[in-house]
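Read the structure below first, then the notes.
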Amino acid sequence: MRAPRRVSVFGATGSIGQNTLDLIARDPEAYEVVALTGAGNVAQLAADAIRLGADVAVTADETRLDELRGALAGSGVEAAAGEAALIEAADRPADWIMSAIVGAAGLAPGLRALRHGTTLALANKESLVTAGPILLAEAVAHGARILPVDSEHSAVFQALVGEEIAAVERIIITASGGGLRDWPIEALASATPEDAGAHPNWDMGQRITIDSASMFNKAMELIETKEFFGVGPDRIEAVVHPQSIVHALVGFTDGALMAHLGAPDMRHAIGYALHYPDRRDLPVARIDLAQIATLEFRAPCDTRYPALRIARAVMETGGISGAIFNAAKEVALDGFLAGRLGFMDMSTIVEESLDAMSSQTSLSIAPKTLEDVMQTDHMARQAAWSQIERRQNAQ
Ligand code: NAD
Ligand code: MG
56 MRAPRRVSVF GATGSIGQNT LDLIARDPEA YEVVALTGAG NVAQLAADAI RLGADVAVTA
116 DETRLDELRG ALAGSGVEAA AGEAALIEAA DRPADWIMSA IVGAAGLAPG LRALRHGTTL
176 ALANKESLVT AGPILLAEAV AHGARILPVD SEHSAVFQAL VGEEIAAVER IIITASGGGL
236 RDWPIEALAS ATPEDAGAHP NWDMGQRITI DSASMFNKAM ELIETKEFFG VGPDRIEAVV
296 HPQSIVHALV GFTDGALMAH LGAPDMRHAI GYALHYPDRR DLPVARIDLA QIATLEFRAP
356 CDTRYPALRI ARAVMETGGI SGAIFNAAKE VALDGFLAGR LGFMDMSTIV EESLDAMSSQ
416 TSLSIAPKTL EDVMQTDHMA RQAAWSQIER RQNAQ
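To convert, note that position 334 of the sequence shown is 389 in the working numbering; the numbers rise steadily by one, no gaps.
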């Protein structure tokens, strides 16, 4: 019998994290769970850590340490809290780590895990958008592998098995169009977080669901594609595909298009990364093409989705613009959730933040270290909040 694989899940209490634990729990003999991490949902974190026999459970929220300790009392699972504890968890030897914290907070633990040569299953797209070159260089330096978990990027990765990247002419990622896809454009300005937080096809965390409605999610994924696969921005496209059955297509120099089809269930991409390079039976629905009958595709409208236009500019500029884009987008989303911004104002804030930062510094200069990225992230958040305040004062 093979020794169990040591696995850790960062962001275990979230949507990706729970799907990951679902796969792990189906084959308990095959895995030894090292660390599980969460933030606010301490009861869930503790219950999962006990159920799966984790060595340690970490909450990012230091004020919840006592609560976590209480929930783990007598179980033998260690409790820890705070950013340093997340890094310490990433230092614990593991064969496979899921990076599924939401937001820029996911970068540091994932980067740290790569230092140990650990295979990193990367759901946290913010890592590639804010610090792609740093992340990839760290993986190369330590012989670590990064496996994409975002469904589109997993799809591209799978379409590229056995192919040369030099033979790739274009990469097309699909977008469902999100919960407001069929709203008239004029109505979008008054959309609420509840309106934008319902997704037609995917069941995901609240932030990424709203990012799907605004296409900020697809915008992030365009940048993610450029960073991960090293393909020029002019060869990366997004297409609206309401059924979310085709996740991505790779076009080759001979004109062939290889598409990846699958049910909209993240356990597919997670399972592929978990078992790579093998394929194993996964508990996902099988597709009945005759029942689906029609697969639709259409070009995304720039007026409806300004985030895509901004992402193109970010891909062209490179450097620190990805970190600014992500930080400003996170702040704009906070502003929208707090009722301080309208739905369509989010893209305006992101664009204004990029403009404000470009008047202070050259955006095309690449960050060299995690500290550089975090400093840019901090400055961009300040810039975005001041744009939000300016906007509110002007009203
Ligand atoms: P989620 O909101 O459901 O879960 C986020 C997880 O991160 C939770 O465990 C939460 O406790 C933890 N967390 C939140 N803030 C934190 C902080 N400051 N420090 C440490 N931990 C923190 O999010 P999700 O939908 O599972 O998405 C996770 C990541 O995967 C995101 O980067 C998202 O873009 C990406 N992703 C998600 C999906 C999906 O289907 N949900 C698909 C593709 C990519
Ligand atoms: Mg995706």
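Idealized CB from N, CA, C, for every residue including glycine.
All values derive from a computational prediction rather than experimental measurement.
Looking at residue j and residue i, is the spacing between their C-beta atoms short of 8 Å?
i, j, result
"Leu480", "Ile291", "The requested residue 480 does not occur in the structure, where the chain is confined to residues 56 to 450."
"Ala246", "Phe398", "yes"
"Arg359", "Ile240", "yes"
"Ile455", "Val305", "The chain is shown from 56 up to 450; residue 455 falls before or after that span and cannot be answered."
"Thr75", "Gly93", "no"
"Pro297", "Glu351", "yes"
"Ala314", "Val211", "no"
"Leu329", "Leu162", "no"
"Leu141", "Ala134", "no"
"Ala136", "Val111", "no"
"Ile347", "Gly317", "no"
"Phe391", "Val184", "no"
"Leu396", "Ala387", "yes"
"Gly252", "Val295", "no"
"Glu385", "Ala159", "yes"
"Ser182", "Leu190", "yes"
"Tyr150", "Ala178", "Just to set this straight, residue 150 is Asp in the shown sequence, not Tyr. For Asp150 and Ala178, no; Cβs fall outside 8 Å."
"Gln447", "Glu407", "no"
"Arg200", "Thr174", "yes"
"Val369", "Ala186", "no"
"Ala80", "Leu107", "yes"
"Val97", "Gly260", "no"
Using only the alpha-carbon positions, how far apart do residue i and residue j sit?
i, j, result
"Leu337", "Pro203", "17 Å"
"Arg147", "Ala214", "33 Å"
"Asp258", "Ala155", "15 Å"
"Ala176", "Asp250", "31 Å"
"Ile220", "Ala126", "49 Å"
"Glu405", "Trp238", "Looking at the sequence provided, one finds Val at residue 405 rather than Glu. Rounded to whole angstroms, Val405 to Trp238 spans 23 Å at the Cα level."
"Pro355", "Thr431", "30 Å"
"Pro59", "Val132", "19 Å"
"Met412", "Pro248", "28 Å"
"His394", "Thr424", "Checking the sequence, you will find Gly at residue 394 rather than His. Going by the C-alpha atoms only, they are around 35 Å apart."
"Glu87", "Thr118", "28 Å"
"Leu243", "Gly234", "11 Å"
"Thr349", "Ser299", "12 Å"
"Val339", "Phe307", "29 Å"
"Asp410", "Glu371", "15 Å"
"Gly217", "Ser209", "15 Å"
"Ala378", "Gly129", "42 Å"
"Asp82", "Leu120", "30 Å"
"Ala438", "Glu444", "10 Å"
"Trp440", "Ile263", "20 Å"
"Gly172", "Leu166", "10 Å"
"Ala268", "Asp357", "13 Å"
"Asp320", "Met401", "28 Å"
"Ile365", "Val195", "30 Å"
"Ile152", "Glu279", "19 Å"
"Tyr331", "Ile420", "35 Å"
"Glu224", "Arg322", "29 Å"
Just curious, the beta strand (DSSP E) that residue i is in, first and last residue?
i, result
"Ser414", "First-last for Ser414: undefined, no H or E at that position."
"Phe307", "301 to 307"
"Arg225", "223 to 230"
"Leu316", "312 to 316"
"Arg118", "Note that residue 118 is Thr in the sequence shown here, rather than Arg. Note, Thr118: premise wrong, no beta strand (DSSP E); not H, not E."
"Phe65", "60 to 65"
"Thr92", "86 to 93"
"Ser154", "151 to 154"
"Ala293", "291 to 295"
Looking at the secondary structure, which residues open and close the alpha helix (DSSP H) in which residue i lies?
i, result
"Phe380", "376 to 392"
"Glu133", "Premise fails: Glu133 lies in the beta strand (DSSP E), 133 to 136, not in any alpha helix (DSSP H)."
"Ile443", "425 to 449"
"Gly165", "162 to 170"
"Met370", "361 to 372"
"Phe271", "271 to 284"
"Ala345", "344 to 347"
"Ala176", "No alpha helix (DSSP H) contains Ala176, which is instead part of the beta strand (DSSP E) from 174 to 177."
"Pro203", "Premise fails: Pro203 lies in the beta strand (DSSP E), 201 to 203, not in any alpha helix (DSSP H)."
"Val195", "180 to 196"
"Arg335", "From DSSP, Arg335 is part of no alpha helix (DSSP H); its letter is neither H nor E."
Heavy atom of the ligand SAM less than 7 Å from the Cβ of residue i, yes or no?
i, result
"Asn256", "Summarising the ligand content, the structure contains the ligand NAD and the ligand MG and does not contain the ligand SAM."
I'd like to know if the region 260 to 275 and the region 326 to 344 are in contact, where contact means that at least 3 CB-CB pairs between them fall below 8 Å.
no
Around the ligand MG, what residues have a beta-carbon under 7 Å from a heavy atom of it, in chain order?
Asp205, Ser206, Glu207, Asn272, Glu276
Cβ contact (3+ pairs, closer than 8 Å) linking the region 61 to 68 and the region 85 to 100
Yes, the region 61 to 68 touches the region 85 to 100.
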